[in-house]
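For what it's worth, the working numbering labels the leading residue of the sequence shown as 7, then goes sequentially.
Backbone N, C-alpha and C fix where the C-beta goes; we use that ideal spot for every residue, glycine too.
Keep in mind it's a predicted model, so treat the numbers as computed, not measured.
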Amino acid sequence: MLRDITIGQYYPSNSAIHKLDPRVKLFWTLIYIISLFLGQHILIYAIAGLFLFACIRMSKVPVKFILRGLKAVFMLLLFSVIFNIFLTDGEVIFQVWKIKITKEGIYIATAMAVRLVFLIMGSSLMTLTTTPNDLTDGLEKSLGFLKVIRIPVHEISMMMSIALRFIPILIDETDKIMKAQQARGADFETGGIVKKAKAMVPLLVPLFISAIRRAYDLATAMEAKCYRGGEGRTKMKPLKYRKADAVAYAVIFAYLGVMIAVKICFV
Numbered sequence: 007m008l009r010d011i012t013i014g015q016y017y018p019s020n021s022a023i024h025k026l027d028p029r030v031k032l033f034w035t036l037i038y039i040i041s042l043f044l045g046q047h048i049l050i051y052a053i054a055g056l057f058l059f060a061c062i063r064m065s066k067v068p069v070k071f072i073l074r075g076l077k078a079v080f081m082l083l084l085f086s087v088i089f090n091i092f093l094t095d096g097e098v099i100f101q102v103w104k105i106k107i108t109k110e111g112i113y114i115a116t117a118m119a120v121r122l123v124f125l126i127m128g129s130s131l132m133t134l135t136t137t138p139n140d141l142t143d144g145l146e147k148s149l150g151f152l153k154v155i156r157i158p159v160h161e162i163s164m165m166m167s168i169a170l171r172f173i174p175i176l177i178d179e180t181d182k183i184m185k186a187q188q189a190r191g192a193d194f195e196t197g198g199i200v201k202k203a204k205a206m207v208p209l210l211v212p213l214f215i216s217a218i219r220r221a222y223d224l225a226t227a228m229e230a231k232c233y234r235g236g237e238g239r240t241k242m243k244p245l246k247y248r249k250a251d252a253v254a255y256a257v258i259f260a261y262l263g264v265m266i267a268v269k270i271c272f273v
């Protein structure tokens, strides 16, 4: 289950998506998320799905690898669907005692599930095709206008990048701790949800210790290399827009225009 989390991981490839400027991919992710909330018409979700799978195909990241990340949020999806189905008022199509299923509930639950799935897949695609260093540089450049009001953009970008980078590291660490405890007789598989949750408690102490130790080692390494924040620092590989990035921006704006047109005409 833990290895099914794909957000924060990087999938190396030589695709056109991987070569794009990180600012383009960050902007694409933002526009894509916004487009998912433009309406609940089936045509909006169909276009969003086609656009997403076209980008996945261009990225050369296996669809199965991205879909595997949905297993980690399956319970969230399930609870969202159940709550919307049973707690939404409207035209009743099935009722047993006080439990009822409405037409509007099914519609809203389906729309919510599709949005969450597409949102997670789109976000995963961005991190899978962007290295942590590129992501930091892209965030810093994209949010550079905030420096005018004295917001520490570089530090915020660095923290977000480190947080994303630590996700797969802590997942691997948790997996090692679980295997070590299973070798000593711990049981994480049998029993109900409550028993499984209690079995996870002994994992927290060594995991927190490991996370704090890694954070301390990272801070020591940054100090040893005389790291002093973003002011006056130069880049080994400065970001520069290329022709492919301009084409990508044009495609993104065309996609947004189509989605707005669909909303105006059909929603």
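Residue closest to residue i, alpha-carbon to alpha-carbon, out of the options
i    : options                   : result
I48  : S86, V200, M118 and L32   : M118
L32  : G96, I112, K147 and E195  : K147
M114 : I266, F89, F100 and M206  : Looking at the sequence shown, residue 114 is not Met but Ile. I114 has its Cα closest to that of F89, out of I266, F89, F100 and M206.
P18  : A60, T137, I126 and S129  : T137
E97  : T108, F272 and F80        : T108
G263 : V30, S41, Y16 and S21     : S41
W103 : I173, I112, A205 and F92  : F92
S21  : A217, A227 and M132       : M132
M81  : K106, G111, L122 and P28  : L122
S129 : L149, C232, P28 and L224  : P28
V87  : A227, I53 and V120        : V120
Q15  : L245, I72 and V211        : I72
I215 : M228, T180, A230 and K231 : T180
Under 9 Å between C-beta atoms of residue i and residue j
i    : j    : result
H24  : K70  : no
Q187 : P208 : yes
L44  : M265 : yes
A304 : W34  : Outside the shown range of the chain (7 to 273) lies residue 304, about which nothing can therefore be said.
L58  : F124 : yes
R220 : I183 : no
I39  : L76  : no
L26  : T116 : no
R172 : A225 : Residue identity check: residue 172 is Phe in the sequence provided, not Arg. Cβ distance not < 9 Å, so F172 and A225 don't count as in contact.
I157 : L149 : yes
D251 : V79  : no
A205 : D223 : no
K269 : I62  : no
Residue span of the alpha helix (DSSP H) that contains residue i, given as start and end
i    : result
Q188 : V159 to A189
A22  : A22 to K25
F255 : Checking the sequence shown, residue 255 turns out to be Tyr, not Phe. Element bounds for Y255: K249 to F272.
L84  : F80 to L93
E276 : Residue 276 lies beyond the residue range present for the chain, which begins at 7 and ends at 273; the question has no answer from this structure.
M64  : I48 to S65
Y38  : P28 to L42
L155 : The residue you asked about is not Leu; residue 155 is Ile in the sequence shown. Looking at the DSSP string, I155 is not in any alpha helix (DSSP H), and its letter there is neither H nor E.
For residue i: DSSP bridge partner residues
i   : result
V98 : T108
Distance cut-off 8 Å: residue i Cβ against heavy atoms of the ligand SAH
i    : result
I175 : Ligands are entirely absent from the displayed structure, and the ligand SAH is therefore not among its contents.
Report task. Evaluate the contact criterion for the stretch 132-152 versus the stretch 161-174: three or more CB pairs, one atom per stretch, below 8 Å. Result -> The stretch 132-152 is in contact with the stretch 161-174.
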